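Sequence lines, in order, name chains A and B. Mind the numbering: the first sequence is residues 1 to 230 in the numbering used here, read in order. Mind the numbering: the second sequence is residues 231 to 460 in the numbering used here, read in order. Here's the structure we're looking at; comments come further down.
2 protein chains.
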Amino acid sequence: MTTASQPRRTRTDEVYERLRADIFAARLRPGQRLKFPDLCGAYNTSVGVAREALARLAAERLVRPHAHQGYTVISLSKEELVDLTAARVELESIAFRLAIRDGDERWETAVVAAHHLLTRRDEAVARTGERDPDWYEAHEEFHAALLSGCGSRRLVEAAQALRAEAELYRHWAAPLGSGAPRDIAGEHKALADAALVRDADRGADLLRAHIARTTTVLLDGAIEEAVSDK
Amino acid sequence: MTTASQPRRTRTDEVYERLRADIFAARLRPGQRLKFPDLCGAYNTSVGVAREALARLAAERLVRPHAHQGYTVISLSKEELVDLTAARVELESIAFRLAIRDGDERWETAVVAAHHLLTRRDEAVARTGERDPDWYEAHEEFHAALLSGCGSRRLVEAAQALRAEAELYRHWAAPLGSGAPRDIAGEHKALADAALVRDADRGADLLRAHIARTTTVLLDGAIEEAVSDK
DNA sequence: TGTCAATGGATATTCGAAAGTTGGGTCGAA
DNA sequence: TTCGACCCAACTTTCGAATATCCATTGACA
Numbered sequence: 001m002t003t004a005s006q007p008r009r010t011r012t013d014e015v016y017e018r019l020r021a022d023i024f025a026a027r028l029r030p031g032q033r034l035k036f037p038d039l040c041g042a043y044n045t046s047v048g049v050a051r052e053a054l055a056r057l058a059a060e061r062l063v064r065p066h067a068h069q070g071y072t073v074i075s076l077s078k079e080e081l082v083d084l085t086a087a088r089v090e091l092e093s094i095a096f097r098l099a100i101r102d103g104d105e106r107w108e109t110a111v112v113a114a115h116h117l118l119t120r121r122d123e124a125v126a127r128t129g130e131r132d133p134d135w136y137e138a139h140e141e142f143h144a145a146l147l148s149g150c151g152s153r154r155l156v157e158a159a160q161a162l163r164a165e166a167e168l169y170r171h172w173a174a175p176l177g178s179g180a181p182r183d184i185a186g187e188h189k190a191l192a193d194a195a196l197v198r199d200a201d202r203g204a205d206l207l208r209a210h211i212a213r214t215t216t217v218l219l220d221g222a223i224e225e226a227v228s229d230k
Numbered sequence: 231m232t233t234a235s236q237p238r239r240t241r242t243d244e245v246y247e248r249l250r251a252d253i254f255a256a257r258l259r260p261g262q263r264l265k266f267p268d269l270c271g272a273y274n275t276s277v278g279v280a281r282e283a284l285a286r287l288a289a290e291r292l293v294r295p296h297a298h299q300g301y302t303v304i305s306l307s308k309e310e311l312v313d314l315t316a317a318r319v320e321l322e323s324i325a326f327r328l329a330i331r332d333g334d335e336r337w338e339t340a341v342v343a344a345h346h347l348l349t350r351r352d353e354a355v356a357r358t359g360e361r362d363p364d365w366y367e368a369h370e371e372f373h374a375a376l377l378s379g380c381g382s383r384r385l386v387e388a389a390q391a392l393r394a395e396a397e398l399y400r401h402w403a404a405p406l407g408s409g410a411p412r413d414i415a416g417e418h419k420a421l422a423d424a425a426l427v428r429d430a431d432r433g434a435d436l437l438r439a440h441i442a443r444t445t446t447v448l449l450d451g452a453i454e455e456a457v458s459d460k
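Spelled out as structure tokens, the structure:
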């Protein structure tokens with residue numbers, strides 16, 4: 001999963017990052033088969049490198065290995081989304097609760113900073129009318145900051161891994177689930193406030209609702225079409 | 231982490247499993263460097279295969295990649311053990327709580343079965359005076375069964391991954407922490423009972439204590455010596 | 001007509017060697 | 001003697017070819 005410690009980049013790192021970006025940018029479709037000949041051509045590399053990059057992505061559950069049949073991009077399904085959401089709701093709410101209880105000033109500061117940046121990016125979204133990669137980055141950082149004071153790196157990382165998977169669903173279903181108008185910025189502000197006033201119960205409830213609501217929206221939209229791809 | 235879906239075994243699978251077994255069997259020491267020439271000789275394979283096997287182990291955090299310097303077995307430290315334990319306590323207790331609330335008859339049955347097998351293996355341990363791989367397997371299955379009814383595969387798998395890492399600590403420190411006599415079988419029985427009578431509060435508390443107690447024992451023992459290895 | 005086995009093309013897996021990088025050791029200068 | 005640059009050996013990383021496997025299609029048989 002995680003890459004090396006030093007900033008020494010290897011060719012595998014590059015291919016891994018490009019592949020990952022292509023998955024999140026929806027240039028590769030869920031369920032799509034990733035053939036080595038194609039990959040080597042597209043990323044201008046050799047089989048061994050592509051293989052290791054895919055192995056890393058498999059560790060993140062973004063691709064699935066099939067023995068003797070290569071790899072496919074992970075498939076999306078309502079069942080998996082339900083499972084994923086259940087796990088996220090529990091994991092994130094418990095981590096947030098711990099962070100509110102145990103977080104120090106540095107944690108508070110990180111939350112404030114991340115929320116400020118997210119607010120700025122919200123404004124940019126309001127202007128352009130579309131969420132860009134910058135917004136997604138700030139959103140991810142905000143949620144990571146909320147949990148970062150919980151006292152266990154592993155807890156944060158586990159939550160982060162699940163959130164990455166969930167983001168894939170968001171990217172594929174986001175344009176569809178535009179039925180109910182939703183004040184996401186307000187939800188984020190409420191989360192930040194609960195963190196700063198150290199209200200663990202309210203914070204945990206808000207986060208549960210925040211995560212569950214996104215799933216509800218996605219489930220109303222159609223995910224199936226992405227699943228059926230070969 | 232997880233291997234392919236079908237029972238088609240590839241050479242990488244074999245090397246991966248043997249390497250993993252060697253780590254848990256303490257034939258490879260924490261922090262030890264894993265050189266490809268040695269690996270290829272020991273497992274009679276090629277570089278590419280060894281590389282992919284190591285990539286899988288890196289996904290489980292059992293080995294660590296260092297760019298241009300190969301892989302090392304994960305290092306043990308008290309700080310990491312504390313972090314790991316904190317994560318496990320929260321994750322397992324919440325999953326157990328959910329399982330007690332939502333688990334069906336199949337879950338109850340699995341708990342009873344796993345506990346029965348563990349009891350039998352306990353008897354074997356009492357006879358031989360030493361825990362064998364069979365006991366560890368039954369122990370792992372019992373704890374997995376406790377959580378299996380929680381309703382989210384991902385939650386169970388996350389807990390399982392952390393438990394595997396913790397087992398590494400147990401294997402390396404177990405012979406040392408034999409100070410306080412401890413009724414582990416009794417603790418397991420209490421856990422199974424709480425599950426069957428559906429007492430979520432008691433079950434969660436018992437599991438927290440069960441996990442935390444193991445860590446306390448390990449922390450009293452010396453872990454440092456395993457860390458300092460190059 | 002339906003089922004099963006054989007065949008061929010495409011693809012994944014594995015290997016061994018070439019290329020590039022690291023860290024340590026040696027030599028020389030201050 | 002100490003510091004720094006250079007060099008060498010060992011190792012990791014990368015590559016492209018050789019091998020093994022799978023899937024779809026075809027043909028034969030019931």
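Here a beta-carbon is modelled for each residue, glycine too, at the ideal position from N, C-alpha and C. The model shown is predicted, which means the values in this text are computed figures rather than measured ones.
I need the DSSP call for residue i, collapsed to helix, strand or coil.
i: P233(A); result: In the structure as shown, chain A starts at 1 and stops at 230, and residue 233(A) therefore has no counterpart that could be examined.
i: R29(A); result: coil
i: L461(B); result: Outside the displayed range of chain B (231 to 460) lies residue 461(B), so it cannot be described from this structure.
i: G203(A); result: helix
i: G359(B); result: coil
i: G381(B); result: coil
i: G186(A); result: helix
i: G70(A); result: strand
i: G177(A); result: Caution applies to G177(A), whose pLDDT of 48 falls short of 50 and renders its modelled position unreliable; the model cannot decide the point.
Check whether the Cβ of residue i lies closer than 8 Å to any Cβ atom in chain A.
i: I324(B); result: yes
i: D313(B); result: yes
i: R263(B); result: no
i: R428(B); result: no
i: G502(B); result: The structure shown does not extend to residue 502(B), since chain B is modelled only from 231 to 460, so the question has no answer here.
i: H369(B); result: no
i: E244(B); result: no
Should residue i and residue j be called a contact, given that it needs their Cβ atoms to be closer than 8 Å?
i: A442(B); j: T315(B); result: yes
i: A424(B); j: R432(B); result: yes
i: L118(A); j: H188(A); result: yes
i: T242(B); j: V279(B); result: yes
i: S152(A); j: A99(A); result: no
i: A110(A); j: A161(A); result: no
i: R163(A); j: E140(A); result: yes
i: T52(A); j: A285(B); result: The sequence shown places Glu at residue 52(A), not Thr. Contact flag set, yes.
i: A415(B); j: D352(B); result: yes
i: A95(A); j: A25(A); result: no
i: R294(B); j: H68(A); result: no
Can you tell me which of the options puts its alpha carbon nearest to the alpha carbon of residue i?
i: I304(B); options: R291(B), V312(B) and A389(B); result: R291(B)
i: A192(A); options: R56(A), H116(A) and A95(A); result: H116(A)
i: V197(A); options: L57(A), E105(A), P37(A) and R20(A); result: E105(A)
i: H66(A); options: L28(A), L34(A), E187(A) and A99(A); result: L34(A)
i: L249(B); options: G261(B), L287(B) and Q262(B); result: L287(B)
i: A289(B); options: D413(B), E395(B), L377(B) and Q262(B); result: E395(B)
i: R257(B); options: N274(B), R238(B), A354(B) and H401(B); result: H401(B)
i: D220(A); options: E141(A), F24(A), R101(A) and L81(A); result: L81(A)
i: T444(B); options: G261(B), I324(B) and V319(B); result: V319(B)
i: A368(B); options: L392(B), R384(B), V342(B) and E387(B); result: V342(B)
i: R97(A); options: A25(A), L155(A), N44(A) and Y136(A); result: L155(A)
i: P260(B); options: E282(B), A391(B) and D252(B); result: D252(B)
i: D102(A); options: D199(A), N44(A) and L207(A); result: D199(A)
i: L206(A); options: L218(A), T216(A) and A190(A); result: A190(A)
i: A403(B); options: L284(B), Q299(B), A434(B) and L306(B); result: L306(B)
i: Y273(B); options: I414(B), Y246(B) and H298(B); result: Y246(B)
i: W337(B); options: E360(B), T358(B) and C380(B); result: C380(B)
Taking the continuous beta strand (DSSP E) assigned at residue i, which residues delimit it?
i: V277(B); result: Note, V277(B): premise wrong, no beta strand (DSSP E); alpha helix (DSSP H) at V277 to A289.
At least one CB of chain B closer than 8 Å to the CB of residue i: is that the case?
i: T10(A); result: yes
i: L155(A); result: yes
i: R56(A); result: yes
i: L212(A); result: The displayed chain sequence assigns Ala, not Leu, to residue 212(A). False, the Cβ-Cβ gap to chain B never drops below 8 Å.
i: H68(A); result: yes
i: S75(A); result: no
i: A195(A); result: no
i: R18(A); result: no
i: L162(A); result: yes
i: A166(A); result: no
Taking the alpha helix (DSSP H) that residue i falls in, what are its first and last residues?
i: R18(A); result: R11 to F24
i: G103(A); result: Unbroken run through G103(A): none, as it is neither H nor E.
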